[in-house]
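Okay, structure first, notes after.
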Amino acid sequence: MNLRIEPFDHHDVTSFDCGNESLDRWLRTAAANSAGHGTRVFLLVDHDHPAAVRVLGYFAVAPHYVVRTEVGRRIARGAPERIPAILLAKLALDRTVQRQGLGTELLLSALSLMVDAARRAGGRLILVDAIDDDAVGFYRHHDFEALPSDPRRLVIRISTVASALDLPWP
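In my numbering, the protein residues as written are 3 to 172.
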């Protein structure tokens with residue numbers, strides 16, 4: 003496979019099927035307009051066959067914040083009342099390539115991009131709203147912590163991600 007992460011830009015996503023209809027539908031109907039709403043969408047694309055570029059996955063990110071009282075004490079320590087964050091709004095992988103390690107690769111690409119964005123524009127946390135219990139397990143496996151107020155909303159410090167990925171911070 004010849005894989006690349008690319009910004010969403012008129013790619014053909016009609017055959018994308020991650021097994022979750024709401025994530026599939028969002029990619030087909032809302033992703034193209036998301037930039038106007040403050041969200042950026044990136045695709046995992048296979049360029050093995052230039053005539054038929056195939057979308058294997060995607061993620062969407064948006065600026066966000068979380069109120070200090072919503073996060074645990076350890077995460078909130080030293081933070082302002084409204085903690086600047088980046089929301090990993092969507093992350094999905096086509097069924098045909100699931101359970102092959104590409105989900106982790108896609109997440110790592112998203113995290114790297116978010117660390118870079120935070121270095122340029124600010125931010126302290128990365129948030130994700132897990133769509134189901136399997137997704138909660140996936141993010142917890144990658145060191146995200148559930149918020150005390152909502153077990154499906156998970157968080158990780160950007161500094162933690164930068165250190166784990168050996169990226170410059172701040």
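Backbone N, C-alpha and C define an ideal beta-carbon position, used for all residues, glycine too.
If you draw a straight line from the C-alpha of residue i to the C-alpha of residue j, how long is it?
i: Tyr-141; j: Leu-167; result: 16 Å
i: Asp-118; j: Ile-158; result: 15 Å
i: Arg-121; j: Asp-134; result: 30 Å
i: Leu-149; j: His-51; result: 43 Å
i: Glu-147; j: Val-68; result: 14 Å
i: Leu-95; j: Pro-82; result: 35 Å
i: Gly-40; j: Leu-89; result: 11 Å
i: Thr-71; j: Arg-30; result: 36 Å
i: Ser-151; j: Pro-65; result: 21 Å
i: Gly-103; j: Leu-110; result: 11 Å
i: Arg-79; j: Phe-61; result: 29 Å
i: Ser-17; j: Asp-145; result: 32 Å
i: Arg-76; j: Asp-26; result: 36 Å
i: Arg-101; j: Leu-127; result: 27 Å
i: Asp-11; j: Ala-33; result: 10 Å
i: Leu-112; j: Pro-86; result: For the record, residue 112 in the displayed sequence is Ala; it is not Leu. Ala-112 and Pro-86: Cα-Cα distance of roughly 17 Å.
For residue i, which three-state DSSP category applies?
i: Ile-158; result: strand
i: His-39; result: helix
i: Asp-135; result: helix
i: Val-15; result: coil
i: Leu-149; result: strand
i: Trp-28; result: helix
i: His-49; result: coil
i: Val-163; result: helix
Enumerate in chain order the residues of its own chain whose CB-to-CB distance from residue i is below 8 Å, with the five nearest sequence positions on each side excluded.
i: His-13; result: Leu-45, Val-47, Val-55 and Val-57
Just to confirm my understanding: we take residue i, look at its own chain, exclude 5 residues before and 5 after, and list those with CB closer than 6 Å. What are they?
i: Ser-36; result: Val-43
i: Leu-169; result: Val-117
i: Gly-21; result: Arg-97
In the DSSP output, which residue or residues are listed as bridge partners for residue i?
i: Pro-1; result: For the chain, the structure presents residues 3 to 172; residue 1 sits outside this window and is missing.
i: Val-130; result: Leu-90 and Leu-156
For residue i, which residues in the same chain have their Cβ closer than 7 Å to its Cβ, ignoring the five residues on either side in sequence?
i: His-49; result: Asn-4, Arg-6 and Val-55
i: Val-99; result: Leu-58
Shorter than 6 Å, the distance from the beta carbon of residue i to the closest heavy atom of the ligand ZN, or not?
i: Gly-59; result: The ligand ZN is not part of this structure, which contains no ligands at all.
Item to complete: Go through the region 57 to 98 residue by residue and report every complete run of the beta strand (DSSP E) that reaches 3 residues or more, in order.
Response: Counting only runs of 3+ residues, the beta strand (DSSP E) found wholly inside the region 57 to 98 occupies 84 to 95, in chain order.
Discussion item. I'd like the ranges of any beta strand (DSSP E) spanning at least 3 consecutive residues and lying wholly in the region 99 to 124.
Written reply: Those beta strand (DSSP E) runs which fall completely within the region 99 to 124 and span 3+ residues do not exist here.
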